[in-house]
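Working notes, beginning with the structure itself.
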Amino acid sequence: MANRLACHVAGLPLPNPVMPASGTFDYHPDVRTPVDVARLGALIPKSITLHPQPGNPPSRLAETPAGLINSIGIPSPGLAAFQDKFRSVYGGVPCPLVISVAGYSPDEYAQLTQACSRWPEVVAIELNLSCPNLKTHLMPAQDPILLRDAVQAARAATVKPLWAKLSPNVTTIAPMAAIAHDAGADAVVAINTIRAMAINIERQKAILGHFTGGLSGPAILPIGLSMVWDIAQHTSVPVIGCGGIRTVDDALMYLMAGASAVQVGTATFAHPAAMMDIINGLDRYLADQGIAQIADIIGIAKPA
Ligand SMILES: Cc1cc2nc3c(=O)[nH]c(=O)nc-3n(C[C@H](O)[C@H](O)[C@H](O)COP(=O)(O)O)c2cc1C
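Take 1 as the starting number for the sequence shown in UniProt numbering and just add one per residue.
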């Protein structure tokens, strides 16, 4: 029987449109989890940086009524250590592999992208554009020039599909998506976390060691959805939806708003099998509705 869930992201074929959001799920051949990695549309491990770095000081997590604020930062072994362990960890990965890279300058994005493109298992590179630039201390995802420069540098370093992960912490997201597309990104991912804060009133101090962090989880779903909608309405760049997806209904909303695929993050912490349930639920939805392929619902909510 044909796979109803088989899909494409900017021409890249994937077995289904469901994948983890970077930093929220990883794979090791010796570790069993409730996630059957062979059934994922793709796997995206935590972003890696060029040089080793420890991440942010504790505390790194604060729960909110409908979400999670994290200030994990990017604890990273650095590219050299990642390369050393790549074959033993990801050599036999049973689904398409996307590597997320985080650079502090265009040159770092280029080096990381080039290095990670040489493995045949890697089907695409995702650019985490929410790292402060070394010179300006601004994030590429928030600054049109830095965004263009980072994506162009990565584009020149690979022939593999390039996904630019955008930040919701901007006035309007569609122009940023268009800039990423013009600079060579094949697709954009929307959204990363939303800047947020929590205070412990007993200690009269910020809960997070980094003071502020990024909000994720159900609270941000309507925001991510509107941003995917805006990108789909105003640009021609394929978009991968992310932000607050917990259930098959959530994933369907993103697909109907115009997302070619979806990423599931915080939901996996509360419900480790969430991605499996969403994959099963999507297949069931298509069967119940008599829809032959997932592509038939992508962007279906758009005005005629
Ligand atoms: C604990 C944690 C770590 C994260 N680490 C990364 C990361 O390394 N790279 C990245 O691009 N996004 C990272 N993110 C953001 C997620 O990939 C995702 O964009 C965001 O959490 C929104 O999706 P969600 O509401 O489904 O969690 C992280 C999020 C969380 C909660």
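Using N, Cα and C, we set each Cβ at its ideal position, and we do this for glycine too.
Boundaries of the alpha helix (DSSP H) in which residue i is found, first to last residue
i	result
Met176	174-182
Cys95	Neither: Cys95 is in no alpha helix (DSSP H) and is coded neither H nor E.
His234	221-234
Ile72	Counting along the chain, Ile72 falls outside any alpha helix (DSSP H), and DSSP gives it neither H nor E.
Asp250	248-257
Assigned secondary structure, residue i (DSSP; H/G/I helix, E/B strand, else coil)
i	result
Arg39	helix
Gly243	coil
Pro20	strand
Pro238	coil
Ala164	strand
Gln293	coil
Met197	strand
Glu126	strand
Ala185	coil
Lys135	coil
Gly213	strand
Ile207	coil
Ile278	helix
Thr268	helix
Val31	coil
Ile191	coil
Ser47	coil
Ala141	helix
Ser260	strand
Val170	coil
Val159	coil
Own chain residues within Cβ distance below 8 Å of residue i, not counting five before or after
i	result
Met256	Ile297, Ile298, Gly299, Ile300, Ala301
Val37	Tyr27, Leu43, Val93, Pro94, Cys95
Ala232	Val239, Ala257, Gly258, Ala259, Gly299, Lys302
Ile220	Gly67, Pro168, Ile191, Thr193, Ile194, Gly243, Gly244
Thr235	Ala174, Ala177, Ala178, His181
Pro144	Pro175, Met176, Ile179
Cβ shell of residue i (< 6 Å), same chain only, five flanking positions each side left out
i	result
Ala198	Ala62, Ile69, Ile207
Asp149	Pro106
Tyr104	Cys131, Leu134
Gly241	Val228, Tyr254, Ala259, Val262
Pro45	Asp26
Ala102	Ser47, Thr49, Ile74, Asn128, Cys131
7 Å CB neighbourhood of residue i in its chain, flanking five on each side removed
i	result
Leu12	Val123, Ala124, Pro161
Gln142	Ser167, Asn169, Val170
Ala156	Ala110
Phe86	Trp119
residue 305	Because the chain here runs from 1 to 304, residue 305 falls outside it and cannot be looked at.
Val9	Ala187, Pro238, Ile240, Ser260, Ala261
Pro218	Ala66, Gly67, Gly244, Arg246
Residue j beta carbon less than 8 Å from that of residue i
i	j	result
residue 321	Val189	Past the boundaries of the shown model lies residue 321; the chain is included only from 1 to 304, so the question cannot be answered.
Ala270	Pro34	no
Gly55	Ile72	yes
Thr268	Thr24	yes
Leu50	Glu108	yes
Leu215	Gly67	yes
Val237	Ala287	no
Arg4	Gln293	yes
Val89	Pro17	no
Gly209	Ala196	no
C-alpha gap between residue i and residue j, whole angstroms
i	j	result
Ala80	Cys116	11 Å
Leu74	Ile291	A small fix is needed here, since residue 74 is Ile in this sequence, not Leu. Cα to Cα, the separation comes out at about 41 Å.
Met275	Ile191	18 Å
Ala164	Gly244	19 Å
Gln114	Gln204	46 Å
Leu146	Ala183	11 Å
Leu14	Ala21	16 Å
Thr158	Arg39	27 Å
Asn128	Gly78	15 Å
Thr172	Ala6	31 Å
Asn280	Ala2	15 Å
Pro222	Ser59	27 Å
Glu202	Phe211	16 Å
N- and C-terminal bounds of the beta strand (DSSP E) containing residue i
i	result
Leu12	12-14
Cys7	7-9
Thr64	61-64
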